[in-house]
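I have placed the structure first, in the form of structure tokens, so that the comments after it can refer back to it.
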Amino acid sequence: MENTIKVERAILSLTQDDLAKKIGVSRQTINSIEANRYVPSTVLALKLSEVFSKPVNDFFKLSQDD
Amino acid sequence: MMDCERNRFQKFINFRLSHRFMPIGIAVVLLSITAMFVRAFALDGDTLWLKHILQKTMLVGLLIMSLSKDKEEDEMTISLRAQSYAIAFVIGVIYALVMPYVEFGVSNVVNSEGQAFKDLGDFQVLLFMLMIQLLFYHNLKRYR
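So this is what it looks like as structure tokens:
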């Protein structure tokens, strides 16, 4: 799974900490998701979608390994 | 009926203590270890009963530490905790199977007569599993 959360976050001028607070997780979790070390649950993906006002498919993409 | 049972089961599975219990667990473990040293080096007479009680309190302390939530508990820490329990279970079973043979082998190499073969006690296995769980959980969190 690949994602462009870092880009989406930059568009909204949000720090990792700001985004973490908005969706109720820790900053380290956002960092792990951005680095593709952790794949979030559907609930978390939908919360991100709400913050970015975009469908989940726009910032999460399946990679060739998936 | 089925939903009610499922909800109750889910609540039971998701049970965790508040993060405020972590220092309590650490205090219980440290007090138990200190009391174990005092019993071993400062107390005379038959204090085997005290040793058993201290072993139990130490396990309770480690269990409290293991069940305590993090300050920032989220789905990732829950997933890491589940991983650490799985790792601790597998390593614990391997430890319980292999360690008696290692102890038996080493004691027979060091001493010509050596010890008789004996299985591990419940305290040793549980202590090892809880320590492995806490160690792996904190390492997984550090490298997340």
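The listed protein sequences derive, respectively, from chains F and Y. Mapping of the first sequence onto the working numbering: residues 7 to 72, in sequence order. Mapping of the second sequence onto the working numbering: residues 2 to 145, in sequence order. Even glycine gets a Cβ: it sits at the ideal position worked out from N, Cα and C.
Which residues, taken in chain order from the segment 61-77 of chain Y, show a beta carbon closer than 7 Å to some beta carbon of chain F? Those would be GLU73, ASP75, GLU76 and MET77, in chain order.
Which residue comes first and which comes last in the alpha helix (DSSP H) that contains Y/PRO24? According to the DSSP assignment, Y/PRO24 belongs to the alpha helix (DSSP H) that extends over 22-42.
Proximity test, Cβ basis, 9 Å: F/ARG43 and chain Y: Interface flag for F/ARG43 against chain Y is set, since a Cβ pair is found closer than 9 Å.
Please identify the residue among Y/GLN84, Y/ILE27 and Y/MET100 whose C-alpha is closest to the C-alpha of Y/VAL1. This structure does not reach residue 1 of chain Y, given that chain Y is present from 2 up to 145, and the question cannot be answered.
Taking the alpha carbon of Y/PHE129 as the reference point, which residue from Y/THR48, Y/LYS12, Y/LEU64 and Y/TYR102 has its own alpha carbon closest? Residue Y/LEU64 holds the alpha-carbon nearest to the alpha-carbon of Y/PHE129 among Y/THR48, Y/LYS12, Y/LEU64 and Y/TYR102.
Comparing alpha-carbon positions, which option in Y/GLN116, Y/GLU76, Y/PHE90 and Y/PHE38 lies nearest Y/VAL126? Y/VAL126 has its Cα closest to that of Y/PHE90, out of Y/GLN116, Y/GLU76, Y/PHE90 and Y/PHE38.
How would you write the range of the alpha helix (DSSP H) that Y/PRO101 sits in, first residue to last? Where Y/PRO101 is concerned, the enclosing alpha helix (DSSP H) stretches over 76-111.
Host alpha helix (DSSP H) of Y/TYR144 (start-end): No alpha helix (DSSP H) contains Y/TYR144, which DSSP labels as neither H nor E.
Can you tell me the Cα-Cα spacing of F/VAL31 and F/GLU56, whole angstroms? Each residue's alpha carbon lies about 15 Å from the other.
Could you tell me the distance, in whole angstroms, from the CA atom of Y/MET77 to the CA atom of F/ASN37? Answer to the nearest angstrom: the Cα atoms are 11 Å apart.
List the endpoints of the continuous alpha helix (DSSP H) containing Y/THR48. Y/THR48: not part of any alpha helix (DSSP H); DSSP gives it neither H nor E.
Quick one: does F/GLN70 have its CB under 9 Å from some CB of chain Y? The beta-carbon of F/GLN70 is placed no less than 9 Å from the nearest beta-carbon of chain Y.
Kindly indicate which residue of Y/VAL30, Y/TYR144, Y/TYR138 and Y/LYS57 has the alpha-carbon position closest to the one of Y/TRP86. In the sequence on display, residue 86 of chain Y carries Tyr and not Trp. Among Y/VAL30, Y/TYR144, Y/TYR138 and Y/LYS57, the Cα nearest to that of Y/TYR86 belongs to Y/TYR138.
In the DSSP assignment, what residue or residues form a beta bridge with Y/LEU18? Listed as beta-bridge partners of Y/LEU18 by DSSP are Y/SER69.
Consult DSSP for Y/ASN8 and reduce its assignment to one of helix, strand or coil. In this structure, Y/ASN8 counts as helix in the three-state DSSP scheme.
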